[in-house]
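Input: a single structure, listed below in structure tokens.
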Amino acid sequence: MKHKAGFVNIIGNPNVGKSTLMNAFVGEKLSIITSKAQTTRHRILGIVNGDDFQVVFSDTPGIIKPAYELQESMMGFVKSAFEDADVLIYMVEIGEQELKDEAFFKKITNSKIPVLLLLNKIDKSDQEQLENQVQLWAQKLPNAEIIPISALEGFQVKEVFNRIIELLPESPPFYPKDQLTDKPERFFINETIREKILLHYKKEIPYAVEVDTEEFFEEENIIRIRSVIMVERETQKGIIIGHKGSALKRVGVEARKDLEKFFGKQIHLELYVKVNKNWRSNQNQLKRFGYNN
Numbered sequence: 008m009k010h011k012a013g014f015v016n017i018i019g020n021p022n023v024g025k026s027t028l029m030n031a032f033v034g035e036k037l038s039i040i041t042s043k044a045q046t047t048r049h050r051i052l053g054i055v056n057g058d059d060f061q062v063v064f065s066d067t068p069g070i071i072k073p074a075y076e077l078q079e080s081m082m083g084f085v086k087s088a089f090e091d092a093d094v095l096i097y098m099v100e101i102g103e104q105e106l107k108d109e110a111f112f113k114k115i116t117n118s119k120i121p122v123l124l125l126l127n128k129i130d131k132s133d134q135e136q137l138e139n140q141v142q143l144w145a146q147k148l149p150n151a152e153i154i155p156i157s158a159l160e161g162f163q164v165k166e167v168f169n170r171i172i173e174l175l176p177e178s179p180p181f182y183p184k185d186q187l188t189d190k191p192e193r194f195f196i197n198e199t200i201r202e203k204i205l206l207h208y209k210k211e212i213p214y215a216v217e218v219d220t221e222e223f224f225e226e227e228n229i230i231r232i233r234s235v236i237m238v239e240r241e242t243q244k245g246i247i248i249g250h251k252g253s254a255l256k257r258v259g260v261e262a263r264k265d266l267e268k269f270f271g272k273q274i275h276l277e278l279y280v281k282v283n284k285n286w287r288s289n290q291n292q293l294k295r296f297g298y299n300n
């Protein structure tokens with residue numbers, strides 16, 4: 008039996024549904040999803056295996072013009088997505104007109120590999136708007152195959168997956184067949200906690216936060232986790248903790264429920280908050296948290 012395998016990298020502006028799409032393909036919640044921009048900070052691999060194929064999906068941060076070191080690193084992950092892709096998914100949503108970075112757009116238009124332009128959130132449009140958008144993107148990206156989808160509703164997701172399999176080169180698998188992702192367990196703990204912070208705090212707070220899991224002990228019936236939420240200033244620490252610890256407790260309760268689903272075990276989660284001044288602009292701190300590698 009011939010075996011196909013390859014890297015399928017998903018890029019696009021912030022908040023167009025890249026993480027929702029990858030999670031739909033993989034069937035697991037690997038990437039966090041919120042209504043806020045810049046939710047994804049890393050490049051996260053989700054691996055889908057069949058008897059005669061392996062698709063390595065890659066979710067990347069939304070394309071932005073970087074304002075500080077952390078964002079520079081995030082755009083580095085996007086850049087790397089062009090270098091090893093066998094199929095490139097460029098995701099846009101209904102109503103979008105352009106990519107936020109012209110240099111990236113030129114890379115897509117000059118791509119020598121297959122490009123699938125997925126026009127997402129079509130459940131929020133009518134037929135006339137959809138036709139206009141298809142026409143617009145066909146002119147802008149004549150090298151791309153345009154497929155209208157709704158990642159959230161699952162519309163055309165299976166069809167896109169089948170098309171990807173057709174486009175993949177013949178190759179042995181790159182990862183063991185039972186592997187789901189390239190990230191360690193602690194990464195998903197950190198991301199789950201960060202998602203709850205993105206959901207419950209406003210303005211600058213979620214973007215000034217990084218999570219570091221310092222302890223992970225797995226016993227037969229329970230996993231004991233100790234994680235630290237890093238903020239940049241003392242005032243942010245107070246906001247994260249909330250009145251008598253109420254805000255932090257809510258984050259802990261919601262994260263624990265999600266982690267129990269993810270690991271299929273009872274979770275004991277301890278959360279602490281520490282100030283780590285200006286970590287987003289500190290090269291050593293960024294390296295420690297898995298950026299700039």
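The numbering used here numbers the first residue of the sequence shown as 8 and each following residue consecutively.
Glycine residues also receive a C-beta, built at the ideal position from the N, C-alpha and C atoms.
Reducing DSSP to helix, strand and coil, say where residue i ends up.
| i | result |
| --- | --- |
| Ser26 | helix |
| Val167 | helix |
| Lys281 | strand |
| Lys203 | helix |
| Gln273 | strand |
| Ile246 | helix |
| Ile154 | strand |
| Asn228 | coil |
| Glu120 | For the sequence presented, residue 120 should be read as Ile rather than Glu. If DSSP states are grouped into helix, strand and coil, Ile120 belongs with coil. |
| Lys11 | strand |
| Leu175 | coil |
| Val33 | helix |
| Pro213 | helix |
Output the distance between the C-alpha atoms of residue i and residue j, rounded to the nearest integer angstrom.
| i | j | result |
| --- | --- | --- |
| Ala215 | Lys203 | 14 Å |
| Arg233 | Pro191 | 16 Å |
| Phe224 | Trp144 | 50 Å |
| His207 | His250 | 14 Å |
| Gly53 | Pro176 | 18 Å |
| Lys256 | Ile248 | 8 Å |
| Pro213 | Arg287 | 12 Å |
| Phe111 | Ser118 | 11 Å |
| Arg193 | Glu267 | 14 Å |
| Leu293 | His275 | 28 Å |
| Leu295 | Lys86 | For the record, residue 295 in the displayed sequence is Arg; it is not Leu. Each residue's alpha carbon lies about 21 Å from the other. |
| Leu183 | Gly252 | This sequence places Pro at residue 183; Leu is not what is there. C-alpha separation (whole angstroms): 43 Å. |
| Leu137 | Phe162 | 14 Å |
| Tyr298 | Glu135 | 43 Å |
| Val258 | Asn291 | 28 Å |
| Lys113 | Pro180 | 31 Å |
| Ala254 | Ala158 | 31 Å |
| Glu211 | Asn283 | 15 Å |
| Leu4 | Ser178 | Outside the shown range of the chain (8 to 300) lies residue 4, about which nothing can therefore be said. |
| Asn289 | Glu79 | 12 Å |
| Asp133 | Asn228 | 51 Å |
| Leu205 | Lys281 | 17 Å |
Below 7 Å between beta carbons: does that hold for residue i and residue j?
| i | j | result |
| --- | --- | --- |
| Tyr279 | Val238 | no |
| Asn150 | Val122 | yes |
| Ser26 | Asp59 | no |
| Val33 | Val15 | no |
| Met6 | Phe64 | Since the first residue of the chain shown is 8 and the last is 300, residue 6 is not available in this structure. |
| Ala31 | Val141 | no |
| Leu125 | Ile172 | no |
| Ile153 | Val167 | no |
Closest by CA to residue i, which one among the options?
| i | options | result |
| --- | --- | --- |
| Glu261 | Arg201, Gln104, Glu221, Gln134 | Arg201 |
| Asp130 | Gly102, Lys113, Gln146, Thr116 | Gly102 |
| Lys209 | Ile246, Arg193, Asn197, Glu217 | Ile246 |
| Lys244 | Val141, Ile96, Leu174, Glu217 | Glu217 |
| Arg231 | Val258, Lys268, Gln273, Pro213 | Gln273 |
| Ile120 | Leu137, Gln146, Leu95, Gln290 | Leu95 |
| Tyr97 | Pro213, Glu227, Pro21 | Pro21 |
| Asn197 | Asn289, Asp91, Phe269, Ala31 | Phe269 |
| Asp93 | Gly13, Lys147, Ser178 | Gly13 |
| Gly24 | Glu160, Asp185, Pro179, Gln292 | Glu160 |
| Asn169 | Asn283, Val62, Ala158, Asn289 | Val62 |
| Glu241 | Gly259, Ala254, Ile229, Asn285 | Asn285 |
| Gly271 | Leu205, Glu226, Asp185, Ser253 | Glu226 |
| Gln104 | Gln290, Asp133, Arg263, Gln146 | Gln146 |
| Asp302 | Gly57, Gly19, Lys86, Asn291 | As shown, the chain starts at 8 and ends at 300. That puts residue 302 outside it, with no answer to give. |
| Lys303 | Gly297, Asn289, Leu174, Gly19 | Summary: the structure shown does not reach residue 303, with the chain confined to residues 8 through 300, and so no result is reported for it. |
| Gly19 | Gln290, Glu79, Ile115, Tyr182 | Ile115 |
| Glu222 | Glu277, Ala158, Asn289, Glu211 | Glu277 |
| Phe195 | Lys281, Arg263, Ser178 | Arg263 |
Mind reading off the beta-carbon distance from residue i to residue j? Whole number of angstroms is fine, and I expect it under 8 Å.
| i | j | result |
| --- | --- | --- |
| Asp265 | Thr199 | 5 Å |
| Glu100 | Lys128 | 5 Å |
| Thr188 | Ile51 | 7 Å |
Is any heavy atom of the ligand ADP found at a distance shorter than 6 Å from the C-beta of residue i?
| i | result |
| --- | --- |
| Pro21 | The ligand ADP is not among the ligands present in this structure, which contains no ligands whatsoever. |
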